[in-house]
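Input: a single structure, listed below in structure tokens.
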Amino acid sequence: MVCNRQALMILLIVTFLRIVLFLYFTISIEKMSAFFCTYHQFCLISLGICTHFLYIMHISHSFAPMIRTTIFQI
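In full-length UniProt numbering, the protein residues as written are 1 to 74.
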């Protein structure tokens with residue numbers, strides 16, 4: 001049970017850091033929009049969003065059984 005809670009906390013921290021980094025890079029790309037044409041900027045932001053959601057789906061899929069057992073044990 002302790003291992004499950006520690007793993008759940010690590011999952012939450014990693015997800016939070018991933019979201020913060022994603023927002024930071026998105027804002028940085030928007031600030032540098034003078035150097036990019038709008039199409040290039042749109043492609044970079046779309047790629048970042050797709051990567052972010054694929055990462056979240058991968059993490060939630062791989063940790064789903066552990067999260068379910070943690071919730072049922074609590």
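Ideal Cβ positions, reconstructed from N, Cα and C, are used throughout, including at glycine.
**Asked** From N4, Q6, L17, pick the residue whose C-alpha is nearest to that of I56; which is it?
**Response** As a working mapping, residue 56 is identified with position 56 in the sequence shown. Of the listed residues, the one whose Cα sits closest to I56 is L17.
**Prompt:** For F22, which residues of its own chain have a beta-carbon under 7 Å away from its beta-carbon, when the five flanking residues on both sides are left out?
**Reply:** As a first step, residue 22 is located in the sequence shown; it is residue number 22 there, counting from the start. So the list reads G48, H52, once near-sequence residues are dropped.
**Prompt:** With a Cβ-Cβ cutoff of 8 Å, do I45 and T15 count as a contact?
**Reply:** By 1-based counting over the sequence shown, the position of residue 45 is 45. By 1-based counting over the sequence shown, the position of residue 15 is 15. Not closer than 8 Å, so no.
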